[in-house]
Amino acid sequence: MKADIRVALVGNPNTGKSTLFNALTGLNQKIGNFPGVTVDKKVGYCQLPDGRNAEIIDLPGTYSLYPKSRDESIVFSVLAEKETELTPDLVVVILDATNLKRNLLLYTQVADLKIPVIVALNMIDLANKAGVIIDTDLLAQKLGVPVVQVSARKLQGIKELKDTISFANKFALQQDSIDINALAPGLISAISKEVKTDNPYFALQLAHQHETLKFLSPAESERIEELEKQHSFHSQKAQAAETIARYNYINDVLYDTVKTPVTAQDESHSNKIDKILTHKIFGFVIFMGILLFMFQSIFAWSQYPQGLIEDAFVWVQGALRGVLPAGPLTSLLIDGVVAGLSGVLVFIPQIAILFAFISILEDTGYMSRVTFMMDKIMRKVGLNGKSVVPLIGGFACAVPSIMSTRTIENWKDRMITIMVTPLVACSARLPVYTLLISLVVPSRNVWWIFNLQGLALTGMYVLSLVSAVIVAWVMKFILKSRERGYFIMELPVYRMPRWNNVAFSMYERAKTFVLEAGKVIIAVSVILWVLSSYGPGDRFKNIDAKYSQPQYAKSMNPDSLTRVISTEKLENSYAGVLGHTIEPVIRPLGFDWKIGIALITSFAAREVFVGTMATIYSVDGDADRIDSVQQKMRNAKRPDGSPVFTLGVAFSLMMFYAFAMQCASTIAVVYRETKDWRWPAVQFAYMTLLAYGAAFLVYHLLK
214 MKADIRVALV GNPNTGKSTL FNALTGLNQK IGNFPGVTVD KKVGYCQLPD GRNAEIIDLP
274 GTYSLYPKSR DESIVFSVLA EKETELTPDL VVVILDATNL KRNLLLYTQV ADLKIPVIVA
334 LNMIDLANKA GVIIDTDLLA QKLGVPVVQV SARKLQGIKE LKDTISFANK FALQQDSIDI
394 NALAPGLISA ISKEVKTDNP YFALQLAHQH ETLKFLSPAE SERIEELEKQ HSFHSQKAQA
454 AETIARYNYI NDVLYDTVKT PVTAQDESHS NKIDKILTHK IFGFVIFMGI LLFMFQSIFA
514 WSQYPQGLIE DAFVWVQGAL RGVLPAGPLT SLLIDGVVAG LSGVLVFIPQ IAILFAFISI
574 LEDTGYMSRV TFMMDKIMRK VGLNGKSVVP LIGGFACAVP SIMSTRTIEN WKDRMITIMV
634 TPLVACSARL PVYTLLISLV VPSRNVWWIF NLQGLALTGM YVLSLVSAVI VAWVMKFILK
694 SRERGYFIME LPVYRMPRWN NVAFSMYERA KTFVLEAGKV IIAVSVILWV LSSYGPGDRF
754 KNIDAKYSQP QYAKSMNPDS LTRVISTEKL ENSYAGVLGH TIEPVIRPLG FDWKIGIALI
814 TSFAAREVFV GTMATIYSVD GDADRIDSVQ QKMRNAKRPD GSPVFTLGVA FSLMMFYAFA
874 MQCASTIAVV YRETKDWRWP AVQFAYMTLL AYGAAFLVYH LLK
């Protein structure tokens, strides 16, 4: 889409910048990467009241133009570099109306770059509720820029903001905040002449950041370095002096424009709640209680809708067998496509419930408290407090969690976080865990309120976090770095979750699971059906000839004969040959050749295991008996008549899936983030060894 004006959104984290971006652009947005880096670039489009199209760029959240991470360094690069495809015509600085003093620091820095600016006072409804009175007209007059009151969550003020963007001045009219030249007079003048700029703050920022700015040539960077030495420039001292000067200016502005009631200055409700939820003992007890409630709910609340989905697929398979003629195409449709599809759709209720909980925890502000509480533990194992965000996010999916490690400044902390995040139990493992737990763990309550299956699932998730922490501690001694990590995070005020956002998150995540995982699962199911339904050479013909002899028809009833023929054909199929090939390696774990097939196919994605089981036991089963995959696995027998899925085998399998790197997408994103195939190779190797060892140990303890 061709844009008539380009607008950059800039703001601190937790100011509602992304919410405002969504309100302005709706669904008309796309995600890519900023040129030359792996930082996500969110770009959207909206139509202005005057008919023009505006391109909206959502820049990463930052507290200052002095970057502490790769994400934050993007902000100054985009604002400062001229005549590129990202250079904004206008900047909208989003300020949290309940915390203007902190937010205005970034505004003054952006304003001093002399780009046309609009201020969006977001969360104005919360400020009004707290009794904070802001004289918007006087604030606009003192700053010299338009100020618009908005509430992005409630879609209030969006039309007014679009109107203001339409009529924004093409020239920067904002008032000067501080005397920039006084911070480093000789140096600023020298750099201004060197790079031919008339903006003193741009010249000062070059002095601070020239080593990391890609739009400067090596010769220009070296020349700036020489000028710094000539003028004895000390970057940290200059930043400190600038910050003090800016806050003096901010205090003067706020003194006349913002009135805060005495009651609002007292201890806030959030602080009172934090005394309990972030308590050094009770905080962890509450967190464990919330996790336990989550996983109990996943089992309890999903049972009924899952039962409906299972019954629907059993009915569909039975109906299709009744109306379609027997043959390979019918078998492909029922035992390949439909069986594989059932393995995907049956877990939608659990996936939706999991993501509903995660969305609520993030929306209320509690997830930030968990990060804060875990900081001390993370430091003891050699990680940064910011590592908790990817680790907690790993409950949903390792891919975006690994991408979120970009906010970790310390190289060693970031690499360790990347290496251990896939150990955290993601939503792809949930179908495997719930299927296997439901097979061997009875669905009964203990102590009246706890369900045994829910406790088992909680245990698997806690194990994943503990194992990630232990492996991180080991890697602390393997990876060497002189950098020191630090943790800075703002705790947002507690808010009611946005229920439409929770519903949207449930829908989006469930849809992504069905479309992304579903495509892989169904494709693998069809391939597996082919591999399971055909064999090398004349093996199938010989089996048919063998069982067509009269003695078999006399000694066995038709159902038993059909089952024996199906089982022998599966064992001699291409899939059976493959399973038998790896069986000697996996037999010590309690796995047979059929489970071996599932292990191979699920290297594409963990959740393929369920679809593979559905397909294998559909091909292997009696054509006249249509059971759910769970029932077929429960009835599965070894050649000696003993059940396949005993307590030892089920927990051995769960241990293997808990630790094994069975996700092609995660391997790809680790390479993308590290730019070196050695990291995903090492990760794959250590996780496979860990998975084998844990599965071996558990099987021999429980068999």
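Numbering of the sequence shown is given in the working numbering, commencing with residue 214 and proceeding in unit increments.
Each residue gets a CB set at the ideal place from its N, CA and C atoms; glycine is no exception.
Exercise for review: Would you identify the three-state DSSP class for tyrosine 258, choosing helix, strand or coil?
Suggested key: As a working note, residue 258 is residue 45 in the sequence shown. Strand at tyrosine 258.
**Study point:** serine 364 - partner residues in DSSP beta bridges
**Key:** Position 151 of the sequence shown, counted from the first residue, corresponds to residue 364. Beta-bridge pairing links serine 364 to Gln369.
Exercise for review: Verify whether the separation of the beta carbon atoms of phenylalanine 511 and leucine 558 is less than 8 Å.
Suggested key: Looking up residue 511 in the sequence shown gives position 298. Looking up residue 558 in the sequence shown gives position 345. The displayed chain sequence assigns isoleucine, not phenylalanine, to residue 511. It is not a contact, given that the beta carbons lie outside the stated cut-off.
Point to revise | Buried/exposed call for serine 448, threshold 16 Cβ in 10 Å | key: Along the sequence shown, read from residue 1 onward, the residue named residue 448 stands at position 235. With fewer than 16 other Cβ atoms inside 10 Å of its own Cβ, serine 448 counts as exposed.
Exercise for review: Helix, strand or coil for leucine 278, going by three-state DSSP, please let me know.
Suggested key: For the purposes of this step, residue 278 is taken as residue 65 along the sequence shown, with counting starting at 1. Here leucine 278 sits in coil by DSSP.
Review point. If you run the structure through DSSP and keep just helix, strand and coil, what is phenylalanine 909?
Key: Indexing the sequence shown from 1 puts residue 909 at position 696. For phenylalanine 909, the secondary structure class from DSSP, reduced to helix, strand or coil, is helix.
Exercise for review: Reducing DSSP to helix, strand and coil, say where lysine 396 ends up.
Suggested key: Sequence index remark: in the sequence shown, residue 396 carries index 183 (1-based). In the sequence on display, residue 396 carries leucine and not lysine. Collapsing the DSSP output to three states places leucine 396 in a helix.
Exercise for review: Return the first residue and the last residue of the alpha helix (DSSP H) that alanine 641 is part of.
Suggested key: In the sequence shown, the residue the question calls residue 641 occupies position 428. From DSSP, alanine 641 is part of no alpha helix (DSSP H); its letter is neither H nor E.
Check your understanding: By Cβ distance below 7 Å, which residues in the same chain neighbour phenylalanine 234 in space, the five residues on each side in sequence not counted?
Key -> The residue given as residue 234 occupies position 21 in the sequence shown. Leu222, Lys255, Gly257, Ile269 and Asp271, listed in sequence order.
Check your understanding: Do you know whose CA, among Gly264, Ile503 and Thr377, lies nearest methionine 580's CA?
Key -> Taking the first residue of the sequence shown as 1, we reach residue 580 at position 367. Minimum Cα distance to methionine 580 is reached at Ile503.
**Study point:** Residues of its chain near proline 518, where Cβ-Cβ distance is below 6 Å and the 5 sequence neighbours each way are ignored
**Key:** If you number the sequence shown from 1, residue 518 lands on position 305. Closer than 6 Å at Cβ, skipping near neighbours: Pro562.
Practice item. In the DSSP assignment, find the unbroken alpha helix (DSSP H) run with arginine 315 in it and report its ends. Key: Taking the first residue of the sequence shown as 1, we reach residue 315 at position 102. Element bounds for arginine 315: 313-324.
Practice item. Report back the beta-carbon spacing between isoleucine 735 and leucine 554 to the nearest angstrom; my notes put them in contact at under 8 Å. Key: Here residue 735 refers to the residue found at position 522 of the sequence shown. Here residue 554 refers to the residue found at position 341 of the sequence shown. Correct: roughly 6 Å between the Cβ atoms.
Check your understanding: Are three or more beta carbon pairs between the region 392-400 and the region 411-420 nearer than 8 Å?
Key -> Yes, they touch.
**Study point:** As assigned by DSSP and simplified to three states, the class of phenylalanine 717
**Key:** On the sequence shown, position 504 is the one that residue 717 refers to. In this structure, phenylalanine 717 counts as helix in the three-state DSSP scheme.
Point to revise | Where the beta strand (DSSP E) containing aspartate 469 begins and where it ends | key: Start at 1 with the first residue of the sequence shown, and residue 469 comes out as number 256. Where aspartate 469 is concerned, there is no enclosing beta strand (DSSP E), although the alpha helix (DSSP H) it sits in stretches over 448-470.
Practice item. For glutamate 296, name the three-state secondary structure that DSSP assigns. Key: Here residue 296 corresponds to residue number 83 of the sequence shown, with the count starting at 1. Correct three-state label for glutamate 296: coil.
Review point. How far does the alpha helix (DSSP H) with aspartate 487 in it reach, from first residue to last?
Key: Locating residue 487 in the sequence shown gives position 274, where the first residue counts as 1. Taken as a continuous stretch (DSSP letters only), the alpha helix (DSSP H) holding aspartate 487 covers 482-490.
Check your understanding: Would the beta-carbon of phenylalanine 858 fall within 8 Å of that of leucine 652?
Key -> To locate residue 858, count along the sequence shown from 1; it is residue 645. To locate residue 652, count along the sequence shown from 1; it is residue 439. Against a cut-off of 8 Å, the Cβ pair of leucine 652 and phenylalanine 858 comes out as a contact.
Review point. Do tryptophan 890 and tyrosine 899 come within 8 Å of each other at the CB atom, strictly closer than that value?
Key: Looking up residue 899 in the sequence shown gives position 686. Looking up residue 890 in the sequence shown gives position 677. No, Cβ-Cβ distance for tyrosine 899 and tryptophan 890 is not below 8 Å.
Exercise for review: Using three-state DSSP, classify phenylalanine 663 as helix, strand or coil.
Suggested key: Counting from one through the sequence shown, the residue named residue 663 turns up at place 450. Here phenylalanine 663 sits in strand by DSSP.
**Study point:** Closest by C-alpha distance to proline 917, when choosing among Ser677, Val739 and Gly357
**Key:** Any property of residue 917 remains undetermined from this structure, which presents the chain solely from 214 to 916.
Review point. Going straight from the alpha carbon of alanine 333 to that of valine 361, what length do you get?
Key: By one-based count along the sequence shown, residue 333 stands at place 120. By one-based count along the sequence shown, residue 361 stands at place 148. Using only the alpha carbons, I get a separation of about 5 Å.
Practice item. Quick one: give me the first and last residue of the beta strand (DSSP E) that isoleucine 331 is part of. Key: On the sequence shown, position 118 is the one that residue 331 refers to. Isoleucine 331 -> beta strand (DSSP E) spans 330-335.
Practice item. Report, in whole angstroms, the separation of the C-beta atoms of alanine 365 and threonine 232, which I expect to be a contact under 8 Å. Key: Position 152 of the sequence shown, counting from 1, holds the residue named residue 365. Position 19 of the sequence shown, counting from 1, holds the residue named residue 232. About 4 Å separates the beta carbon of alanine 365 from that of threonine 232, a gap short enough to meet the 8 Å contact definition.
Review point. Going by beta carbon distance, what residues of the same chain come within less than 6 Å of serine 680, once the five residues before and after it are set aside?
Key: By one-based count along the sequence shown, residue 680 stands at place 467. Once the five neighbours on either side are set aside, the close Cβ partners of serine 680 are Leu636.
Practice item. Check isoleucine 621 in the structure and name its three-state DSSP category. Key: As a position in the sequence shown, residue 621 is number 408, starting the count at 1. In this structure, isoleucine 621 counts as coil in the three-state DSSP scheme.
**Study point:** Under the three-state DSSP convention, the category arginine 819 falls into
**Key:** As a position in the sequence shown, residue 819 is number 606, starting the count at 1. In the three-state reduction of the DSSP assignment, arginine 819 falls in the coil class.
Review point. Would you report the Cα separation of leucine 303 and isoleucine 218, rounded to the nearest angstrom?
Key: Translated into positions along the sequence shown, residue 303 becomes position 90. Translated into positions along the sequence shown, residue 218 becomes position 5. Leucine 303 and isoleucine 218 have their C-alpha atoms spaced approximately 8 Å apart.
**Study point:** Segment contact flag, the region 321-333 with the region 381-391, C-beta cutoff 8 Å, min 3 pairs
**Key:** Put simply, the region 321-333 touches the region 381-391. At least three CB pairs are less than 8 Å apart.
Check your understanding: Where does glycine 540 sit, in a helix, a strand or coil, going by DSSP?
Key -> In the sequence shown, the residue the question calls residue 540 occupies position 327. It is coil, neither helix nor strand.
Exercise for review: Might you give, ordered along the chain, the residues of its own chain that have their beta carbon closer than 7 Å to the beta carbon of aspartate 376, omitting 5 neighbours on each side?
Suggested key: In the sequence shown, the residue the question calls residue 376 occupies position 163. Same-chain partners within the cutoff: Pro262.
Review point. Between Thr470, Asn227 and Ala385, which lies nearest to lysine 355 when the distance is taken from Cα to Cα?
Key: Translated into the one-based positions of the sequence shown, residue 355 becomes position 142. Selected option, being the one with the closest Cα: Thr470.
Exercise for review: Take the Cβ of glycine 370 as the centre, count every other Cβ of all protein chains shown within 10 Å, and call the residue buried at 16 or more, exposed below.
Suggested key: By one-based count along the sequence shown, residue 370 stands at place 157. If you draw a 10 Å sphere on the C-beta of glycine 370, you find 16 or more other C-beta atoms in it, and that means buried.
Review point. In this structure, what does DSSP give as the bridge partners for proline 856?
Key: The residue given as residue 856 occupies position 643 in the sequence shown. In DSSP, proline 856 forms a bridge with Lys850.
Review point. CB-CB under 7 Å to leucine 374, same chain, minus the five flanking residues each way: which ones, in chain order?
Key: Looking up residue 374 in the sequence shown gives position 161. For leucine 374, same chain residues with a beta-carbon under 7 Å away, outside a window of 5 residues either side, are Ala333, Val361 and Val363 in chain order.
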